[in-house]
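Visitor: One structure coming up, written as structure tokens, with questions to follow.
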Amino acid sequence: MKTQSKLQAATILATGILSLNTFAGPTATQTVTYEVTAINELAVSAATASLTVNAATSGSAPTAVTDATTSYSITTNETNRKITGAIDSNMPSGVTLSVTLAAPTGATSAGKQALSTSAADLVTSIATINETGKTITYELAATSAAGVVASASKTVTLTITAG
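Counting from 5, one number per residue, gives the positions in the sequence shown under my numbering.
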């Protein structure tokens, strides 16, 4: 009985080893699942723009001032993108904050756009690109009717969106 059990165990073991070897070979295959998701990244330089209207030509409106010391970088792997811009609260009466973004290759700048709490298109026709150092130019203009306006700050939000 013991001999028969040992023989059965040896037969089962040998069958198992031979079965394993039938699946082994000089090549093997494996399935790899992959995906590339939408990438839309926008960053601005750390510099803060500072604008002060403090001069006028006699008989003319105050002289608008510009600041082009900041820039942005963009990466997108999608087509038909645009950059919009808005500020966190509207400007005081008679004071206008505008922005112009240099367009990346193949895209179109909308030119100077006044900023408000409603998003304005700044760059359109953006497609699959990664570029850095694109100039942001801010302009502050004031009418005489604006009077004296104390120093204040606005948060400008730039957004990549479908467009």
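The C-beta atom is built at its ideal place from N, Cα and C for all residues, glycine as well.
Since the model is a prediction, treat every value here as computed from it, not as a measurement.
Classify A32 as buried or exposed, calling it buried when 16 or more other Cβ atoms lie within 10 Å of its own Cβ.
Guide: Indexing the sequence shown from 1 puts residue 32 at position 28. Classification for A32: exposed.
Visitor: Assign L55 to one of two classes, buried (16 or more other C-beta atoms within 10 Å of its C-beta) or exposed (fewer than that).
Guide: Here residue 55 refers to the residue found at position 51 of the sequence shown. Exposed is the call here.
Visitor: Less than 8 Å between the CB atoms is what I'm expecting for T80 and I130, so what's the real figure, rounded?
Guide: To locate residue 80, count along the sequence shown from 1; it is residue 76. To locate residue 130, count along the sequence shown from 1; it is residue 126. Yes, they are in contact, since the Cβ atoms of T80 and I130 sit about 6 Å apart, within 8 Å.
Visitor: Are the region 122 to 137 and the region 85 to 96 in contact at 8 Å, needing three or more beta carbon pairs?
Guide: Cβ pair count under 8 Å is three or more, so yes.
Visitor: Check whether the region 66 to 77 touches the region 136 to 156, taking contact to mean three or more Cβ pairs, one atom from each stretch, closer than 8 Å.
Guide: yes
Visitor: Exposed or buried, I43, counting other C-beta atoms within 10 Å across all chains shown (16 or more means buried)?
Guide: The sequence position of residue 43 within the sequence shown is 39, counting from 1. Looking at its Cβ environment, which holds fewer than 16 other Cβ atoms inside 10 Å, I43 is exposed.
Visitor: Three-state secondary structure (DSSP) at A60?
Guide: Translated into the one-based positions of the sequence shown, residue 60 becomes position 56. It is a strand residue.
Visitor: Report all residues from its chain with a CB closer than 7 Å to the CB of G119; omit the five preceding and five following residues, and keep chain order.
Guide: Position 115 of the sequence shown, counted from the first residue, corresponds to residue 119. Note that residue 119 corresponds to Leu in the displayed sequence, not to Gly. Closer than 7 Å at the Cβ level, and outside the excluded window around L119, lie G89, A90, I91, L101, S102, V103 and V160.
Visitor: Let me check understanding here. Comparing Cα to Cα, which of L46, G115 and A65 lies closest to S145?
Guide: Taking the first residue of the sequence shown as 1, we reach residue 145 at position 141. The question names Ser, yet the displayed sequence has Ala at residue 145. Cα-wise, what sits closest to A145 is A65.
Visitor: What's the call for P108, buried or exposed, on a 16-neighbour Cβ count within 10 Å?
Guide: Within the sequence shown, numbered from 1, the residue matching residue 108 stands at position 104. By the 10 Å Cβ count, P108 comes out buried.
Visitor: Since K116 sits in a beta bridge, which residues does DSSP pair it with?
Guide: Residue numbering aside, residue 116 sits at position 112 when the sequence shown is read from its first letter. In the DSSP output, where bridge partners are listed per residue, K116 has none listed.
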